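Report on the structure given below.
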Amino acid sequence: MTSADDAPAQRSEPGGIRAVSRALDVLDCFENEGQSLAVADIVRRCELPRTTVLRLVDTLVGERMLQLLPDGRVSVGPRMIRWGAFAKAAWSAPAATLDRLRELAEQTGETVSLYVRRDLKRVAIAQAPGRHTIRHVVQVGDELPIWLGAASTTLLSGERPDVLDAVLAQLDADEDIDVDTAALRRRVDKIREQGWGLSHGERESGNSGLAMLVPENPDRPHLQPVVVVLGGPTARFVDARIPEFVDALRTCVRDVPRTGLPPALE
């Protein structure tokens with residue numbers, strides 16, 4: 081059996097440095113809730129040998145990206161404050177866009193999210209919660225599979241043919257991902273034809289999503305496809321309401337190029 085130390089860094093680009101990827105994996109272990117972790121937690125989440133994790137943690141502590149607490153747990157370090165502030169400034173949606181997402185959430189009652197693609201994941205970069213008690217919940221920064229859900233397939237529909245081919249090839253090559261890429265391509269083609277994507281229970285049973293690409297502003301073309309998504313319980317995404325949702329969503333995505341996207345995308 082190949083050990084984790086011997087396994088190739090599949091996420092790294094050719095010529096990349098595996099230690100850097102692993103260090104980022106360690107940082108990715110930390111979440112808003114439960115901001116300190118035991119080394120054993122990091123080992124489990126990263127699926128790396130304990131000795132490797134200890135070396136990475138020592139290095140990151142030395143660089144002030146992490147810090148050791150008196151009880152032996154590990155937490156984020158002070159150097160992350162500047163990085164966090166920079167990331168927030170680069171990836172925060174303009175106030176006018178957040179207001180527009182909130183208007184759509186109030187109009188439809190459903191949670192509204194803004195997503196972009198990151199490799200084989202989609203990342204939530206903004207959200208306006210729905211007004212119902214039972215609602216779709218995704219946190220800003222959450223990463224979800226690019227092959228599941230209306231948001232994912234609609235993002236793929238906005239990619240150039242060569243980029244889509246490359247993504248599907250990655251999915252085919254990953255033995256840990258079980259997806260029919262031919263069927264996925266057909267769904268992407270359908271979304272391109274009709275202009276929006278709809279899914280029921282693909283990522284989570286009982287949850288539905290309706291997504292539409294944000295058109296580009298000719299004066300400020302964005303760097304990658306962006307989607308606005310309505311998400312909520314399948315029981316509320318009945319056939320009779322879909323045309324209403326599509327009309328409301330279409331009006332919203334037409335407004336977003338005017339209200340603006342996060343600076344990192346423009």
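Reading the sequence shown from the start, the letters are residues 81 to 346 in my numbering.
Just so it is clear, CB atoms sit at the ideal spot from N, CA and C, and this is done for glycine as well.
Computed from a predicted model, the values in this text were never measured in an experiment.
In the DSSP annotation of this structure, the continuous segment of the beta strand (DSSP E) that includes Q147 starts and ends at 146-148.
In the three-state DSSP reduction, S155 falls in the strand class (E or B). Spatial neighbours of G286 in its own chain (CB-CB distance under 7 Å, excluding positions within 5 residues in sequence) are listed in chain order as P313, T314. About 12 Å separates the beta carbon of V137 from that of V156, a gap too long to meet the 8 Å contact definition. In the DSSP assignment, H280 is bridged to S288. Put simply, the stretch 144-163 does not touch the stretch 272-291. Fewer than three CB pairs are less than 8 Å apart. The DSSP assignment places complete alpha helix (DSSP H) segments of no fewer than 4 residues inside the stretch 215-263 at 230-237, 241-253, in order along the chain. When beta bridges are read from the DSSP output, V203 appears opposite V196, E223. In this structure, V309 sits away from V294, with a CB-CB distance that is not shorter than 8 Å.
In this chain, L178 is not harboured by any beta strand (DSSP E); it is covered by the alpha helix (DSSP H) spanning 175-188. Shown here for V218: same chain residues with a beta carbon closer than 8 Å to its own, the five before and five after excluded, namely T191, S193, A204, Q207, L224, G311 in chain order.
Straight-line spacing of the CA atoms in R338 and H280 works out to 31 Å. Fewer than three pairs of CB atoms, one per stretch, sit closer than 8 Å, so the stretch 241-253 makes no contact with the stretch 315-324. Rounded to the nearest whole angstrom, the C-alpha separation of F166 and D108 is 17 Å. In the DSSP assignment, S116 is bridged to S155. Counting along the chain, L134 sits inside no beta strand (DSSP E); it lies in the alpha helix (DSSP H) bounded by residues 130-142. Taking the CA atoms as reference points, V133 sits about 10 Å from R124. In the three-state scheme derived from DSSP, where H, G and I count as helix and E and B as strand, L303 is classed as coil. Nearest Cα to I257 within the set G238, L228, W276, S237: L228.
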